[in-house]
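Visitor: Mind looking over this structure? Questions follow.
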Amino acid sequence: MDKNEEERYSIQLDAIVKSLLGLSDRCIIGTINKFFNTNYEAGQVTIQRVDPNFHRANLNYEHIEADLVLIINGITYHMEIQTLNDKTMQVRMIEYGIQLAEVTETKDGIIKMTLPRQVVVFLEENKAVKNQQILLTFPDGDEKLYDIPTIRFWQYSTEDLVEYQMYNLLPLKAFKHRKKLRYIYDSKVKTLEQKIKEIELETRALLSTVKEVQNVMSAIMKEDVLEDNDIHNIFLALTNIVENLNHNFIQKDYLATEVIKMTKTLYDPEVEKRGIEKGIKQGIEQGMEQGEIKGEVKTLYTRVKLSVEEIAYEMELPVHEVQAIIDEMRI
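This note's numbering puts the first residue of the sequence shown at 5, with every later residue one more than the last.
Okay, structure coming up:
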């Protein structure tokens, strides 16, 4: 994978992660509690979502965007999720912290900056991931160690995510297969035959992970603990991650369609049983506005990189209608 492909791949995964962090309070509260060692209950606290966009004044006002910024009970929380190891993360967290700091003035006229509570989550297993620590040295020689909690996501099992109610992170379990797939794909010593065989084995393991997450979601749906839109977006993110891995490493035309079919087989009966009128099929049947349909098609085509046929299958639209929308929007 060349540098440009790597960048596009990273941008796609970043968009998927941000979509999961944008789910309902009820869906993300367990993640907040576990990573920040809090004990909030959804519906019992007011969660304010803060605009995560900033401009770095010291770098020609370069635009930067934090992954998640919340204010709960007057306390600011900031979370960053890294797909890969990043040696610049400590410095970036300080930059974010200063941008997000609450600035007040004491009665003596002293400016006080209160940094947010911060945490960094690394998705891909890597022994090089270090605890995010920064030693701040002041002009008078005084030093202060700033220790940012560092979460190694690969240490969490699917059972852990369910136990701690970290529902919004369930689709990210599929990401654990990226490292091995890339190793096989980029290998300079393996023959083409070896690569095909090993990628096929890892693809089976990936589908097993997908099935595991889907089974967990099936149980969660029966307990009625999540909002309908959360469930839809969790399944969509899971499908998108698989498609991302497929596009970059596996390259099997059948894979995305198979995962969509697996998800629909599980999701649609539960939707009908609970009387949910949201989701792709139900939304269309209820007369989803044309603008919303176009927006969904554009997202799946430009950001998720699904084919026209895959989009038509997922949205249950005629192929010619999807193609007409794409042609009309000139994307």
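Yeah, the Cβ is synthetic: ideal placement off N, Cα and C, and Gly gets one too.
Note that the structure is a prediction, hence the values are computed from the model and not measured.
With DSSP as the reference, label L176 as helix, strand or coil.
Guide: Residue state, collapsed to three classes: helix.
Visitor: Can L74 and Q52 be called in contact, C-beta distance under 9 Å?
Guide: Yes, they are a contact pair.
Visitor: When DSSP builds the beta bridges, which residues end up paired with F58?
Guide: I68, per the DSSP bridge assignment.
Visitor: Per DSSP, what are the beta-bridge partners of R156 in this structure?
Guide: F126.
Visitor: Quick one: measure Cβ to Cβ for L242 and A178, integer angstroms, because I've assumed they're closer than 8 Å.
Guide: About 6 Å; that satisfies the 8 Å criterion.
Visitor: Alpha carbons only, please: which of T207, M97, L140 and I114 is nearest the one belonging to K184?
Guide: Answer by Cα proximity: T207.
Visitor: Which residues in the same chain as L88 place their Cβ atom closer than 6 Å to its Cβ, once the five residues preceding and following it in sequence are excluded?
Guide: Cβ neighbours of L88 beyond the five flanking positions: E128.
Visitor: Of the residues M170, F157, T154 and Q103, which one's Cα is nearest the Cα of I2?
Guide: Absent from the model: residue 2. The displayed extent of the chain is 5 to 335, so no value can be given.
Visitor: Quick check: A19 and R307, are their CB atoms within less than 9 Å of each other?
Guide: Yes, the Cβ-Cβ distance between A19 and R307 is below 9 Å.
Visitor: Apart from the five residues just before and just after G291, which ones in its own chain have a Cβ nearer than 7 Å to its Cβ?
Guide: Caution applies to G291, whose pLDDT of 46 falls short of 50 and renders its modelled position unreliable; the value that the coordinates give is listed next. If we look at G291 and ignore the five residues flanking it on each side, it has no Cβ neighbours.
Visitor: What are the boundary residues of the alpha helix (DSSP H) that Q169 is part of?
Guide: Where Q169 is concerned, there is no enclosing alpha helix (DSSP H), given that its DSSP letter is neither H nor E.
Visitor: Determine the direct distance from the alpha carbon of R30 to that of I330, and round the result to whole angstroms.
Guide: C-alpha separation (whole angstroms): 35 Å.
Visitor: So, are the CB atoms of A105 and M97 less than 9 Å apart?
Guide: Not closer than 9 Å, so no.
Visitor: Are the beta-carbon atoms belonging to V214 and V166 less than 9 Å from one another?
Guide: No, Cβ-Cβ distance for V214 and V166 is not below 9 Å.
Visitor: Smallest Cα separation from Q122: which of F58, F39 and E262?
Guide: When only C-alpha atoms are compared, the closest one is F39.
Visitor: Based on Cα-Cα distance, which residue from R12, I36 and I85 lies nearest to V21?
Guide: The residue with the shortest Cα to Cα distance from V21 is I85.
Visitor: Mind checking A260: buried by the 16 CB within 10 Å criterion, or exposed?
Guide: Buried is the call here.
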